[in-house]
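Let me begin by presenting the structure, written as structure tokens, before commenting on it.
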Amino acid sequence: MLLTGTVEELRRASRLKDHFLQNVNHELRTPLTAIVGWTDLFMEEHLEEKTLKRGLSQVRQSARVLLALIDDLLDLARMDRGSLALDRKPVSLPDVIQRSIDTVRMMADGRSVSIILAPLPPAMSLIRADPLRLQQVLWNLLANAIKFSRRHGRVVVRVEREPERYLVSVEDDGIGIPAGELSHVFERFRQVDGSPTRQHAGMGIGLALARSLVELHGGTIWADSVIGKGSRFTFTLPIRPGDRRAGEIEAAAPPEPAAAAADGSRAG
Numbered sequence: 055m056l057l058t059g060t061v062e063e064l065r066r067a068s069r070l071k072d073h074f075l076q077n078v079n080h081e082l083r084t085p086l087t088a089i090v091g092w093t094d095l096f097m098e099e100h101l102e103e104k105t106l107k108r109g110l111s112q113v114r115q116s117a118r119v120l121l122a123l124i125d126d127l128l129d130l131a132r133m134d135r136g137s138l139a140l141d142r143k144p145v146s147l148p149d150v151i152q153r154s155i156d157t158v159r160m161m162a163d164g165r166s167v168s169i170i171l172a173p174l175p176p177a178m179s180l181i182r183a184d185p186l187r188l189q190q191v192l193w194n195l196l197a198n199a200i201k202f203s204r205r206h207g208r209v210v211v212r213v214e215r216e217p218e219r220y221l222v223s224v225e226d227d228g229i230g231i232p233a234g235e236l237s238h239v240f241e242r243f244r245q246v247d248g249s250p251t252r253q254h255a256g257m258g259i260g261l262a263l264a265r266s267l268v269e270l271h272g273g274t275i276w277a278d279s280v281i282g283k284g285s286r287f288t289f290t291l292p293i294r295p296g297d298r299r300a301g302e303i304e305a306a307a308p309p310e311p312a313a314a315a316a317d318g319s320r321a322g
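For this note's numbering, count along the sequence shown from 1 and bump the result up by 54.
Structure representation (structure tokens):
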């Protein structure tokens, strides 16, 4: 029985890896096709200014998609080597959240999805965190929420403060996740799609990376969902004794802009 179980686990791992490689091929080709298509038009036709701007915007967004995909693949390798590290510094959580929202704004607009930042707790402390990695967590969750939202839906970002930690949640009103899949959403190469047609592509590593980065910060992450009503992903960030008060937030180094693009499964 033990041998049979081990063989089945190996087969399952092999299937997931094969599926992942197929998805990587698709996810890389999609933005590359857009870039090649638009650059061909730029070279062969005299385009109106409005069309030219739209094309350049699409090329820029597609390039950012590729950068984000490559970054995730490199981070996956770092995770395997145990060399994924944080560059901690005093960070303003509201600034990181706003920058993360800005990076996915075009993606949300493309699906007519509204992103709402709920009122923040008063007198928020700075936290010691890696601003770029924290932005990566939020970007993955936001991209995931946008991807699984209905058109003209909305995504809500909330921050709650407890005595020793912040809770950050990203909630959508999309298709939801089956109860039996909730425990697997943070597994590598795992894709969860509650729709009958399984129409949402992706590499299946975004949420696994988000979990690793949250845990490196000393936090936890989990998901709640109701089929047909949407999903909520929540993670925590500890407030340590040395964290400063909101009056010093301006002194915090803001995160640099991150590559903005969805890998699709940033929904796992």
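For every residue, glycine included, the Cβ atom is placed at its ideal position computed from N, Cα and C.
Whole-Å CB distance - residue i paired with residue j, under 8 Å assumed
i, j, result
"V224", "A199", "5 Å"
"I293", "E218", "6 Å"
"R187", "L123", "17 Å between Cβ atoms; not a contact."
"D227", "R205", "Between R205 and D227 the Cβ distance is about 11 Å, and since that is not below 8 Å, they are no contact."
"G282", "G230", "6 Å"
"A131", "I89", "Not confirmed; about 25 Å, so no contact."
"F240", "R208", "Wrong, their Cβ atoms sit about 24 Å apart, outside the cutoff."
"G234", "D126", "That belief does not hold up - the Cβ atoms of G234 and D126 are roughly 26 Å apart, past 8 Å."
"T288", "V191", "Not quite, the Cβ-Cβ distance comes to about 12 Å (not below 8 Å), so this is no contact."
"A172", "L291", "So it is not a contact: roughly 17 Å between Cβ atoms."
"M160", "Q189", "Their Cβ separation, rounded to whole angstroms, is 16 Å, which puts M160 and Q189 out of contact at 8 Å."
Top-ranked residue by Cα proximity to residue i, from the options
i, options, result
"T84", "R205, V113, M97, L291", "V113"
"V158", "M97, N194, A264", "N194"
"G109", "D125, D126, G91", "G91"
"I275", "G228, D227, Y220", "Y220"
"S285", "G273, V211, P295", "V211"
"D149", "R65, I181, D163", "I181"
"A197", "G282, A172, S179, D163", "D163"
"P185", "V145, P173, P176, L101", "V145"
"I155", "R142, I170, D141, S166", "I170"
"M325", "T290, R265, L147", "It is not possible to answer for residue 325, since the shown part of the chain is limited to 55 through 322."
"E269", "R135, L140, V61, S111", "L140"
"E81", "L121, L106, L138", "L121"
"T87", "E99, D129, T60, V119", "V119"
"K143", "T60, L174, H271, R135", "H271"
"F152", "D134, H238, R65, L174", "Checking the displayed sequence, the identity of residue 152 turns out to be Gln instead of Phe. Per the Cα distances, L174."
"P232", "F202, K201, S279, R242", "S279"
"P176", "R165, L138, E216, S137", "E216"
"H238", "L128, F202, A277", "A277"
"R242", "R165, D129, S166, T105", "D129"
"S166", "E62, E99, F202, D94", "F202"
N-terminal and C-terminal residue of the beta strand (DSSP E) that residue i is part of
i, result
"S116", "No beta strand (DSSP E) contains S116, which is instead part of the alpha helix (DSSP H) from 103–135."
"E269", "Here E269 belongs to no beta strand (DSSP E); instead the alpha helix (DSSP H) covers 260–270."
"D226", "219–226"
"I169", "168–171"
"E216", "208–216"
The alpha helix (DSSP H) enclosing residue i, as first and last residue numbers
i, result
"F240", "Segment: none, F240 is in no alpha helix (DSSP H) and carries neither H nor E."
"P292", "Looking at the DSSP string, P292 is not in any alpha helix (DSSP H); the run it does join, the beta strand (DSSP E), is 284–292."
"A199", "185–202"
"V150", "147–157"
Residues that DSSP places opposite residue i in a beta bridge
i, result
"D278", "R286"
"R182", "P144"
Contact with chain D by residue i, beta-carbon distance below 8 Å
i, result
"F202", "Annotation note: the requested chain D is absent from the structure, which comprises a single protein chain."
Check: residue i C-beta below 7 Å from any heavy atom of the ligand PLP
i, result
"M161", "Here there are no bound small molecules, and the ligand PLP is not part of this structure."
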